[in-house]
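*Asks:* Under the working numbering, think of the first position of the sequence shown as 12, with each following residue one higher.
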Amino acid sequence: VLVVLLSFTSISLANCSFDQTFGNSIDTFKEKFGASLIVVPGEWGLEEIILEKNSLCTNNDFEDLFSTYSFLSDKLVEIKIVSIEKESLNLIDWTKNKYGEATDQTSKDLTSNQNNFFWELDDKIIFAEYTKAPYEVFQVVKIISKRYDDLFDEYYENVASGSDPTFKEK
12 VLVVLLSFTS ISLANCSFDQ TFGNSIDTFK EKFGASLIVV PGEWGLEEII LEKNSLCTNN
72 DFEDLFSTYS FLSDKLVEIK IVSIEKESLN LIDWTKNKYG EATDQTSKDL TSNQNNFFWE
132 LDDKIIFAEY TKAPYEVFQV VKIISKRYDD LFDEYYENVA SGSDPTFKEK
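1. Drop a sphere of 10 angstroms on the beta-carbon of Ser156, count the other beta-carbons inside from all chains shown, and report buried for 16 or more, exposed for fewer.
2. Between the beta-carbon of Val152 and the beta-carbon of Leu102, is there less than 8 angstroms?
3. Between Leu87 and Tyr110, how many whole angstroms is the CB-CB distance? I'm expecting something under 8 angstroms.
4. Who pairs with Trp130 in a beta bridge, going by DSSP?
5. How is the alpha helix (DSSP H) around Tyr167 delimited, first residue to last?
6. Can you have a look at Ile92 and say buried or exposed, based on whether 16 or more other CB atoms are within 10 angstroms of its CB?
7. Give the DSSP-derived three-state secondary structure of Phe54 in the structure shown.
8. Please identify the residue among Ser174, Tyr146, Ser118 and Ser172 whose C-alpha is closest to the C-alpha of Ala139.
9. Given a cut-off of 8 angstroms on the beta-carbon distance, is the pair Ile90 and Ser78 in contact?
10. So what does DSSP say about Lys91, is it helix, strand or coil?
11. For the beta strand (DSSP E) containing Asp75, name the first residue and the last one.
12. Whole angstroms is fine: what's the gap from Thr114's alpha carbon to Glu58's?
13. Given a cut-off of 8 angstroms, decide if Lys97 and Glu63 are closer than it, judged by their beta-carbon atoms.
14. Alpha carbon to alpha carbon, how far is Ser172 from Thr39? Give it in angstroms, no decimals.
15. Starting from Leu62, follow its DSSP beta bridges and name the residues at the other end.
16. Quick one: what does DSSP say Asp175 is sitting in, helix, strand or coil?
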C-alpha cells in the first residue's frame with residue numbers, strides 16, 4: 012500500500028511544472044505561461060516573474076504555492092518555490108523525487124520543526140527548507156543554475172556597491 016501511495020504522489024506531483032530550462036529568455040518563458048505575464052523589474056538588471064499555483068500545477072497537491080523566476084541579462088538563472096501547507100511536506104517530497112536524496116541535510120528526522128536540505132548537481136545547486144509552525148508548514152526550495160555564476164558575481168558586486176543609478180521605480 013505504501014509503495015502504491017508513494018508512486019501516486021510522485022505521479023501527481025509531476026503534474027507541476029516548477030522547474031524550467033535555465034538560460035531561457037523572458038519571451039520564451041512568456042510563450043509557455045502566457046504573454047500577459049508581468050515582469051517585475053529590479054535593480055542591476057534583475058527581472059522576476061511570479062506565478063501562482065493555478066499556473067504551475069494541474070492538481071491539488073499544494074494548498075498555497077507560488078514560484079518566483081529570476082532573470083539576469085534576459086536568462087533564467089534562479090527559481091524560488093514557496094509552499095504553505097497545513098501538515099504535509101509536499102514541496103520537500105517533490106524536490107526529493109526530482110533530485111534524489113540530498114547531498115547534505117541538517118536532520119534526518121523529518122518530524123523535527125525545522126530542517127534544511129542541500130543538493131549539488133553538475134549544473135545546479137538546490138537549497139530546500141521547511142519550518143513547522145503550530146498550524147502551518149512553510150517550505151522553500153531554491154534552484155540555482157551554476158552555468159551563470161558570472162552573471163551572479165556581477166549582480167552581487169553591483170548590489171554591494173549600492174543603489175542602481177539607472178533604476179527607475181515604476
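Each residue gets a CB set at the ideal place from its N, CA and C atoms; glycine is no exception.
Note that this is a predicted model, so its numbers are computed, not measured.
*Replies:* Once the coordinates are examined:
1. So Ser156 counts as buried.
2. Contact flag set, yes.
3. Under the criterion of beta carbons closer than 8 angstroms, Leu87 and Tyr110 do not qualify as touching, at roughly 18 angstroms.
4. Residue pairing by DSSP places Trp130 opposite Ile137 in a beta bridge.
5. Asp160 to Ser172 is the extent of the alpha helix (DSSP H) around Tyr167.
6. So Ile92 counts as buried.
7. The identity of residue 54 in the sequence shown is Glu, whereas the question assumes Phe. When DSSP states are grouped into helix, strand and coil, Glu54 belongs to the helix group.
8. The shortest Cα separation from Ala139 among Ser174, Tyr146, Ser118 and Ser172 belongs to Ser118.
9. Between Ile90 and Ser78, the CB-CB gap stays under 8 angstroms.
10. DSSP places Lys91 in strand when its eight states are reduced to three.
11. Residues Asp75 to Leu83.
12. Counting only the Cα atoms, Glu58 lies some 30 angstroms from Thr114.
13. Cβ distance not < 8 angstroms, so Glu63 and Lys97 don't count as in contact.
14. One C-alpha to the other measures close to 31 angstroms.
15. Partner(s): Ser78.
16. In the three-state DSSP reduction, Asp175 falls in the coil class, being neither helix nor strand.
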